[in-house]
Amino acid sequence: MHPVLATVLQRLGLGVVTLFFVSLIIFAAIAMLPGDFGEAVLGQAALPETVEAFRKELGLDKPAWLRYINWVAAVLQGDLGTSFSGRAASGVDRSRDVVDLIAPRLWNTLFLAGITALIAVPLALFLGITTALARNSVYDRSVNAATLTTISFPEFFVAYVLIVLLASIWPVFPSLANVTPEMSFTERLYKCALPSLTLTLVIVAHMMRMTRAAIINLLASPYIEMAQLKGVSKAKVIVKHALPNAWAPIATVIAFNLAYLVVGVVVVEVVFVYPGIGQLMVDAVTSRDIPVVQACALIFAATYILLNLLADIIGIVTNPRLLHPR
Amino acid sequence: MTTDTENRGAKGDLLLEMRDIRISGFSDERWHEIIKGVDLTLRRGEVMGLIGESGAGKSTLGKAAMGYAQPGCKIMSGSIMFDGIDLVAASEADKRALWGSRIAYVAQSAAASFNPAHRLIDQTVEATVGHDISSDSEAKSDAVELYGSLQLPDPDTIGTRYPHQVSGGQLQRIMTAMAMSPRPDLIIFDEPTTALDVTTQVEVLVAMRDIVEQFNTAAIYITHDLAVVAQMADFIKVLRYGEEVEEAETRKMLAEPEQEYTKSLWSVRALEKPEDKSSEIVLSIKNVDAAYGNTVKVLHDVSIDIPRGRTVSVVGESGSGKSTTARVITGLLPPMSGSIEFNGETLPGALKDRTKDQLRRIQMIYQMADTAMNPKQTVGEIISRPLEFYHGLKGSQKHKRLVELLEMIELDESFMDRLPGELSGGQKQRICIARALAAEPDVIICDEVTSALDQIVQEGILKLLLRLQKEFGITYLFITHDIAVVTAISDEIVVMFQGEVVEQGLKSEILSPPHPDYTQLLLSSVPEMDPDWLDKLVDERN
């Protein structure tokens, strides 16, 4: 087997193991949350017997280890369980499958993350490479200052500034991004303009600065001087000689930011009333809807692990020492 | 010699003329003059040797011949005329058009100067194709021919490899092919063999010299090794502190150097210690096998006896296991099998199992004095550490001992409060010697302690070590790849190759024939001051 393939498989295996440990942590953390669903739904005035009966119905009376095993076994079969909410004490069961709750929200989140990534990643790479080329020029300094500014403000502030500018003073985009499943693609895109612009401003700085630093770091290498002394033009030196050796750190920071787009954008979702998975999780935590919280946390963890794994693999396959062993 | 291209003049036409060059470098918040008004004239087909110690400015001057100043340096004044083109006034674009087409550069460390991400042949022809000198396929087939004439193995396929897949000596030859690919008028060789083992150096020198002759290319050959430059250059220019010391035709320079400084450049080679036999063994390594990470075995059945109060030199090329042997003795790398006997008792293999007294009796001095000292500690603090740790000295007692130690290494009390950064390379190595002495050891292991130093400074350090041995009866295990240093300091020699001991014996026995094959190869590869040495060697080996 090619050593790179072996390494990749090994990393994948490690990813699965990590996910298993994360599931333990998620379950333990939720089990330790104060209060319980029964009390949250029935109110503090409820009789202890009623609460007890309700708990029994939801399976919360069983010991923690049994609940964990049941949960993991179900997840392994693709069953994320049934939401607690909608289950009223009246006896009418209007609860829904967790999958049905999460799927549309996850799709919305991935849509927003995808659009943002399509804009932000190429933009960050372009800015990073050009600022490295024109190091210490006015252009370099202004790009650095601008990106630093946008990353320094809290994301809700950037969001409100954009709303004031682009939805209120010059009303080009809508301030609400309340997308629905029936919407056409272009309409969705139009609705998503401001949230994705906000997120772009938030993540570009990080990626752009890392690209710039990685390239500048390499510019001190003897092989860069050698390329210059071979008469290779400045732009070619960076694109052909520096960039191929800089992918590993750049991929890591890109993966980190993409993961943030999936798991960390709840504030932006709230500002624009965007129905993403972040909001769903926050709501679920408030209402002690344990199956939904667990499923969301697991999805977030898997996203992180998968994206970082991808960055690792990019680092491996762009390293000729690993790709072409002696 | 003949020329092969119509637009190239005969040998003798003026190619490069540098007048009153002044170059400054920016460091410590101000500009320092590195090159102080040097002239240089080179004609077509000529090879000039540029020699001097580190900091003499030879590399800076060599790059200036291309009109290039490395980052942090600036050509302040003077004129550089390359075949009628004014390189000082030329724009970056004009210079880029010359670089890699008419002027090529060969760097010191081939391993660092090839881009790890691209195949060798693509890098070889990059400049030639980039400057539209020939098409990609033409340039590549020419590169294969060049690989062949540089004696590279598998010239047809070696170019498809990546830099990490070939050896250092091969990389250096491929870099020469890269420089030669556009058929330049001038090649700057910047210490091209300094990072190579002597045995590899010979092959590379022959290949470079022949190809430069073949295409009648002019060259500037930069090195600190006089014996190497003697093989390569038609004439030699000696630099010191950014100024020219003297310039002469090679044979004349070697036979009758005019300046004292030039004479002193080969002083180490003149140093020779009479050997002294001893029968009392202080340290004995018996049948040691050692490996890194239990997989890569680097020492195979190594046995070495070290007589008390004498110097045993371990020689061999990189990867022969010299430094690993030192690590085993000090306990940094416990051996897989075999034993180490010290003063008649068996030493535990691992550092943590040894007593404080055992640790004290074996000390080590490293190649890079810079990295072996804490830059934030003063000289006094550095030397105090073993005094406190091993001998528990404090206060005025400690101070008295510190002054004594500084005296031993020929430095005065005023050095006590200085930081390593304020010292010269030789002074730093002296501090490291004092630190080892402070423990009052029986044995000091010296791992390439003079390799990073200039010739004159080397001589001072070697003399100091010899004097200390005479006064205190210290035993040295001296690890080096430099045969001149071996002659200067040793009583006995151990030759190592690929993790095995080839032979061990008195200096006179090892250095005089008959030799085992490897010793013969190693000894014959050491460059001599004779300009005909390389030719003779090539004749002998063929």
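Note that the protein sequences, when read in sequence, are chains A and B. The first sequence begins at 2 in this note's numbering and counts up one residue at a time. The second sequence begins at 45 in this note's numbering and counts up one residue at a time. For each residue, glycine too, the CB sits at the ideal point set by N, CA and C.
1) In whole angstroms, what is the alpha-carbon distance linking residue 422/B and residue 370/B?
2) Using the C-alpha atoms, what's the distance from residue 342/B back to residue 381/B?
3) What residue range is occupied by the uninterrupted beta strand (DSSP E) comprising residue 155/B?
4) Would you give the residue range spanned by the alpha helix (DSSP H) that residue 136/A belongs to?
5) Assign residue 49/A to buried or exposed, taking buried as 16 or more other Cβ atoms, counted over all protein chains shown, within 10 Å of its Cβ.
6) Which ranges does the alpha helix (DSSP H) cover as unbroken runs of at least 4 residues, wholly within the stretch 89-173 of chain B, from first to last along the chain?
7) Any beta-carbon of chain A closer than 8 Å to the one on residue 197/B?
8) Is there a Cβ of chain B sitting closer than 8 Å to that of residue 218/A, yes or no?
9) Does residue 136/A come within less than 8 Å of chain B when only Cβ atoms are used?
10) Kindly indicate which three-state DSSP category residue 171/A falls into: helix, strand or coil?
11) Examine chain B for any beta-carbon lying closer than 8 Å to the beta-carbon of residue 316/A, and answer yes or no.
12) Hey, would you say residue 157/A sits closer than 8 Å to residue 266/A, going by beta carbons?
13) Counting only beta-carbon separations shorter than 8 Å, does residue 293/A have a partner in chain B?
14) Using the DSSP secondary-structure output, state which residues sit across from residue 76/B in a beta bridge.
15) Can the beta-carbon of residue 133/A be found less than 8 Å from the beta-carbon of residue 12/A?
16) Kindly list the residues whose CB is nearer than 8 Å to the CB of residue 106/A, restricted to its own chain and excluding five residues on each side of it in sequence; keep chain order.
17) Verify whether the separation of the beta carbon atoms of residue 475/B and residue 467/B is less than 8 Å.
18) Taking 7 Å as the limit between beta carbons, can you name the residues of its chain near residue 222/B, skipping five residues before and five after?
19) If contact means a Cβ-Cβ distance below 9 Å, which residues of the stretch 221-241 of chain A contact chain D?
20) Thinking C-alpha only, which one of 113/B, 510/B and 388/B is nearest residue 139/B?
21) So, is the C-beta of residue 322/A closer than 8 Å to a C-beta in chain B?
22) Cβ closer than 8 Å: which chain B residues qualify as neighbours of residue 245/A?
23) List the residues of chain B whose Cβ lies closer than 7 Å to the Cβ of residue 325/A, in chain order.
24) Kindly indicate if chain A contains any beta-carbon less than 8 Å away from that of residue 60/B.
25) Given residue 572/B, which residues of its chain have a CB within under 7 Å of its CB, disregarding the five upstream and five downstream residues?
26) With distances taken Cα to Cα, identify the nearest neighbour of residue 328/B among 543/B, 300/B, 428/B and 386/B.
27) Cβ of residue 112/B less than 8 Å from any chain A Cβ?
28) Take residue 333/B and list the residues in its own chain whose beta-carbon comes closer than 7 Å to its own, dropping the five residues that flank it on each side.
29) What three-state label does DSSP hand residue 585/B in the structure shown?
30) If residue 298/B sits next to residue 274/B, beta carbons under 8 Å apart, how far is it from one beta carbon to the other, in whole angstroms?
31) Closer than 7 Å by beta-carbon distance: list the chain A residues that pair up with residue 140/B, in chain order.
32) Can you find a C-beta in chain A that's less than 8 Å from the C-beta of residue 175/B?
33) Going straight from the alpha carbon of residue 303/B to that of residue 75/B, what length do you get?
34) Confirm, please, whether the CB-CB distance from residue 108/B to residue 286/B is below 8 Å.
35) To the nearest angstrom, report how far apart residue 283/A and residue 109/A are at their CA atoms.
36) Please report the distance separating the alpha-carbon of residue 482/B from that of residue 16/A.
Reading it off the structure:
1) 28 Å
2) Straight-line Cα distance between these residues: approximately 13 Å.
3) Not the beta strand (DSSP E): residue 155/B falls in the alpha helix (DSSP H), residues 154-157.
4) Where residue 136/A is concerned, there is no enclosing alpha helix (DSSP H), given that its DSSP letter is neither H nor E.
5) Exposed, since its Cβ has fewer than 16 Cβ neighbours within 10 Å.
6) 102-108, 136-142 and 154-157
7) No, residue 197/B lies away from the interface with chain A (no Cβ there is under 8 Å from its Cβ).
8) no
9) no
10) coil
11) no
12) no
13) no
14) Partner(s): 69/B.
15) No, Cβ-Cβ distance for residue 133/A and residue 12/A is not below 8 Å.
16) 276, 277, 278, 280 and 281
17) Yes, these two residues count as a Cβ contact at 8 Å.
18) 167 and 168
19) Protein chains A and B are contained in the structure displayed, whereas chain D is not.
20) It is 113/B.
21) yes
22) Neighbours of residue 245/A on chain B, chain order: 159, 161 and 162.
23) 206 and 209
24) no
25) 271
26) Among 543/B, 300/B, 428/B and 386/B, the Cα nearest to that of residue 328/B belongs to 386/B.
27) Yes, because at least one Cβ of chain A sits closer than 8 Å to the Cβ of residue 112/B.
28) 341, 343, 344, 345, 379, 380, 381 and 382
29) helix
30) 6 Å
31) 232 and 234
32) yes
33) 29 Å
34) no
35) Going by the C-alpha atoms only, they are around 16 Å apart.
36) 52 Å
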